[in-house]
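Number of protein chains: 4
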Amino acid sequence: MAYSGTPVLLEDLLFKPQNSLVIQSKHSRLGATTVNGDGFGVGWYAEGARPGVYRSTEPAWNDSNLRELSAMARSRRVFAHIRASTGTAVQQSNCHPFRQGDWLWMHNGAIADFSVIKRDLALAVDPALYADIAGSTDSEMLFFLALTLGLHDDPTGAVARAVGLVEEVAGRHGIADPVQMTVATTDGETTWAFRYATAGSARSLFHSTDVATLRAQYPDNPQLHDLSDDARLIVSEPLGDLQGAWREVPESSYVVVRGASEELGSFVPTAP
Amino acid sequence: MAYSGTPVLLEDLLFKPQNSLVIQSKHSRLGATTVNGDGFGVGWYAEGARPGVYRSTEPAWNDSNLRELSAMARSRRVFAHIRASTGTAVQQSNCHPFRQGDWLWMHNGAIADFSVIKRDLALAVDPALYADIAGSTDSEMLFFLALTLGLHDDPTGAVARAVGLVEEVAGRHGIADPVQMTVATTDGETTWAFRYATAGSARSLFHSTDVATLRAQYPDNPQLHDLSDDARLIVSEPLGDLQGAWREVPESSYVVVRGASEELGSFVPTAP
Amino acid sequence: MAYSGTPVLLEDLLFKPQNSLVIQSKHSRLGATTVNGDGFGVGWYAEGARPGVYRSTEPAWNDSNLRELSAMARSRRVFAHIRASTGTAVQQSNCHPFRQGDWLWMHNGAIADFSVIKRDLALAVDPALYADIAGSTDSEMLFFLALTLGLHDDPTGAVARAVGLVEEVAGRHGIADPVQMTVATTDGETTWAFRYATAGSARSLFHSTDVATLRAQYPDNPQLHDLSDDARLIVSEPLGDLQGAWREVPESSYVVVRGASEELGSFVPTAP
Amino acid sequence: MAYSGTPVLLEDLLFKPQNSLVIQSKHSRLGATTVNGDGFGVGWYAEGARPGVYRSTEPAWNDSNLRELSAMARSRRVFAHIRASTGTAVQQSNCHPFRQGDWLWMHNGAIADFSVIKRDLALAVDPALYADIAGSTDSEMLFFLALTLGLHDDPTGAVARAVGLVEEVAGRHGIADPVQMTVATTDGETTWAFRYATAGSARSLFHSTDVATLRAQYPDNPQLHDLSDDARLIVSEPLGDLQGAWREVPESSYVVVRGASEELGSFVPTAP
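Residue numbers (the UniProt record's numbering), protein chains in the order written: chain A, 1 to 272; chain B, 1 to 272; chain C, 1 to 272; chain D, 1 to 272.
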């Protein structure tokens, strides 16, 4: 879940919605797995340009510190993620969002047969960044590939090149359909979200239509009624059932949210 | 899950069966909740009369130390429990099984409005035992009431008196249908298991029929084929689908397993 | 450590001082134990009257989430505590500060032979509060006794009565020198800190003299240079070596900090 | 600490000695740091050729599961390690001992400026092993380099080549005195222990002299009196003060323990 707009308490995003992320952690409707109990993380911008990141290996529904933090922290830009491991260890350094400088990155999905091509991908990472890889996941590797290939200057291009690289390396190893992903990344000002799978049929991704609809979505949440008109949410699953509140991001496309504007584009991996 | 019989590796009980306890922790079929991810515990007898207890607040499916321990520890008597909290904190001291001396105790279910009657129940605990209450759950309180009311000498009577006491105290506070439980307890030689709810409709409880059936249940598990004829399992959910392998313990009854013998009795709470 | 004054980032209090609390967690100079690695906690006031509480069983020096939170959370009133267990379990519910409504409470020290008198003390707690006792420590029990005996209306009197009660109960059980304590408590507006031991020789307690001295204490910390004149710190150990910055709270006394004013009084337990 | 000999309960090794590893975790006498509270691990051989590994990020002195496990697990060969992080994350995958197949490996010390040369070292790891690197430490990297360079067939040679490689790579990056280490490794039958620092002055390492002396060391521990004559211990710090019980392993040397025999050799890194 990626939020931008008027500063809100994290709990208004994480706990109060009808189908909140914390509820999804136990009973996801659309996710690849019902239970996303292998840790979670929250990144939020408040003091300075660098976001804070709170990550835990506990299931989100059990973490009392998350509840406390969420009741106290107010932010204009929040990334939150619940994890269902696809095999790598449940440890903080494998929890999303990942941070590098002022950037955050999170990923749903998987790189097929990651262990087979992990070394080749690691070699493609900028040597100056290599030692900053803190965990062992495919998701973080994809982040470092995107950083290597120009994320700071050309986010949509860099992600296209990173995915293209993974597909090329996988192809050399005879791995079919290597990439399955929704990705969200931000520099603190703009959010880019991607939906793509080599074989089509990517994981779900939605963005909120506009604030008026959001207000209707949460009639009993006065805080959301104070939202500015540029408030936007990008989510894997709608946080509620209201008709018209959510628009699906099509497969093989991306959405860029900057202030109140949304820009949709088509996503095509760039082979190296 | 309560096992007794030939010493087996814990992993043969916890990980290998088709619908193992670890699998149930994520996808229970019969439990009150689908996800039992609020910690777990294993008690096992090996060295001396006192059982070891390994308890963790992590979901069982994520605990790599449980996997390691289970591959190395062999025991003739194993209690294992996965927890779905009914409100009390997720902390080791609230994980089952509870131990006092050589005894183990575990409980599925809940005491209704426990916070309302907790103090009255605590006052009924033997003062010499009061300070040994380590956690905050209704399950542990029930254990201490049973210990107070004669568990060591007359287990079925003590549990009947403990439940009767809870029902009496709850009645004074106007709480309807206070007790919902399956309980298993052992002194290291005998296992007693109870199924009862004040309002009927108690949680499920099964026991294995006999070793021949168990062997048929796990045709591919050579270790279980070495089981002695007195091997027995008591479970909340059958560990597999084989017809005839499991016999339901009726409501308001208990089963006593001593060696190869099972004795079924009817369970009636004793009012104080 | 109890801070009040201009809102500051938690990291300015917890990490930046020369002998910060996080450093003390590994190498305390004045504490009863050198290592205070059995968990820690932070309570802070920001949104609304109710403080947030972040508590962890990890050593403070290792908790990356504490570091993140401290870099993002700004507060006008902060309680922080590092724990060296005197025997009770290392679990979140035993970490200080404890919270009840808008109040926070933390304690260094111990009640001698607590397990012997725990039940008698628990019986003296207001029955309406009993079920809110979440952990198993003497420190939390002392808090609940103070709440029972009038903390909200008369903090110094209530603590005197709570300590008097403990001493009386301990006396009946033949326990010598039962109370060893420094205690700090706040309602969000005022801080009360106590230093007392039945046998004299209580743990150390200091308060900062005034802001001018604090500014001199941290010449390189520009944030503290922006402190208002009413900023005050109460600590178990001075956070730095500067002459004149810290004044010891005498044994058997208390200090009340309200805005820029400090009021010192002598503390005498009130027998029940 | 590396033990081999008659099967003993882990608690006889970890908890009972006067200056046990668990006590050292809080108050090391000879270690580079007094507090080794950044996790710990135990590896032990019992069922089959593959050792079990229990690793935790909690301080050893607090881990109740370690205490339980240690009272129940009996082993003829035990590796145990307490960690003081030199910068890498406190997570299970960074805790020693590391395991690969039937082998265990643990390391005290550090590779200087590891982040600078980490990528070059990773590239030297056998590509078939690369994806098995689970954590982020210099210690695990050294293990994988040794595995790559022939650990299974020629342990002392492989470690010499691994250290030589590190020194060569470090030299190319202008890093002085790159290696500081004591290392212990075992295949389940033999233990190899190394003491070396590029600049001399390596961390301490001792081995027990013989069982008769050990028996004298623990006059009150009847279990150790049942030890076979081939029982041996290799430790960073003597577990007790008895004169003559411990012999220091000289700098730049290794000791091989196979049954009751010890063989000492001099250790010289082999440049690639």
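Glycine included, every Cβ here is placed at the ideal spot set by N, Cα and C.
Item                                                                                                                     : Value
Any non-hydrogen atom of the ligand ADP closer than 6 Å to alanine 184 (chain C) Cβ                                      : This structure simply doesn't include the ligand ADP, nor any ligand for that matter.
Reduced DSSP category for valine 256 (chain A) - H, G, I as helix; E, B as strand; rest coil                             : strand
Isoleucine 23 (chain A) (DSSP reduced to helix, strand or coil)                                                          : helix
Touch test, the stretch 114-123 of chain B against the stretch 66-82 of chain B, Cβ-Cβ under 8 Å, three pairs minimum    : no
Cβ contact check for the stretch 75-82 of chain A and the stretch 70-81 of chain D: 3 or more pairs under 8 Å            : no
Rounded straight-line distance, which links the Cα of histidine 207 (chain D) to that of serine 236 (chain D)            : 9 Å
Arginine 55 (chain A) vs tyrosine 130 (chain D) beta-carbon contact at 7 Å                                               : no
Top-ranked residue by Cα proximity to valine 268 (chain D), from D:Ala162, D:Ala89, D:Ala184 and D:Gly171                : D:Ala162
Spatial distance of alanine 184 (chain B) from glycine 39 (chain B) (CA atoms)                                           : 18 Å
CA nearest to the CA of arginine 172 (chain B), picked from B:Ala271, B:Ser201, B:Pro238 and B:Ala110                    : B:Ala271
Contact check, serine 93 (chain C) vs glycine 135 (chain C), beta carbons under 7 Å                                      : yes
Unbroken beta strand (DSSP E) run spanning glycine 109 (chain C), endpoints                                              : 103-111
Cross-strand partners of threonine 191 (chain C) (DSSP beta bridge)                                                      : C:Thr186 and C:Val257
Residue from B:Val166, B:Ala245, B:Leu151 and B:Ser228 with nearest C-alpha to glycine 259 (chain B)                     : B:Ser228
Tryptophan 166 (chain D) - containing alpha helix (DSSP H), residue span                                                 : Note that residue 166 (chain D) is valine in the sequence shown, not tryptophan. Residues 155-172.
Per-residue DSSP class, three states only, for serine 64 (chain A)                                                       : helix
Methionine 72 (chain A) - DSSP class collapsed to helix/strand/coil                                                      : helix
Nearest-angstrom Cα separation, counted from leucine 13 (chain B) out to alanine 110 (chain B)                           : 26 Å
Where the stretch 65-80 of chain C meets chain A: residues whose CB sits under 8 Å from a CB there                       : Asn65, Glu68, Leu69, Ala71, Met72, Ala73 and Arg74
Contact list for the stretch 85-99 of chain B against chain G, Cβ threshold 7 Å                                          : The structure shown contains no chain G; its protein chains are A, B, C and D.
Interface positions of the stretch 129-156 of chain D facing chain A (Cβ-Cβ less than 7 Å), listed along the chain       : Tyr130, Ala131, Ala134 and Ser136
Cβ-based contacts, 8 Å cut-off: residues of the stretch 160-181 of chain A near chain D                                  : none
Any 3 or more C-beta pairs closer than 8 Å across the stretch 3-13 of chain D and the stretch 145-155 of chain D         : no
Interface residues of the stretch 118-129 of chain B facing chain C [CB-CB below 8 Å]                                    : Lys118, Arg119, Ala122, Leu123 and Pro127
Proline 127 (chain A), DSSP secondary structure in three states                                                          : helix
Of the residues A:Arg83, A:Pro178 and A:Arg99, the one placed nearest residue 339 (chain A), counting alpha carbons only : Any property of residue 339 (chain A) remains undetermined from this structure, which presents chain A solely from 1 to 272.
The stretch 101-109 of chain D contacting the stretch 98-107 of chain A, beta-carbon criterion three pairs below 8 Å     : no
Under 7 Å between C-beta atoms of leucine 121 (chain A) and methionine 141 (chain A)                                     : yes
Valine 78 (chain D) (DSSP reduced to helix, strand or coil)                                                              : strand
Proximal residues of chain A, C-beta to C-beta of serine 115 (chain D) below 7 Å                                         : Ala131
Short Cβ contact (7 Å threshold) for valine 53 (chain C) with glycine 37 (chain C)                                       : no
Beta carbon proximity, asparagine 19 (chain B) to chain A, threshold 7 Å                                                 : no
Cβ pair glycine 150 (chain C), alanine 160 (chain C) closer than 7 Å                                                     : no
Option in A:Thr88, A:Val90 and A:His96 with minimal Cα separation from phenylalanine 79 (chain A)                        : A:His96
Short CB-CB distance (under 7 Å) between asparagine 36 (chain C) and chain D                                             : no
Serine 201 (chain C) (DSSP reduced to helix, strand or coil)                                                             : coil
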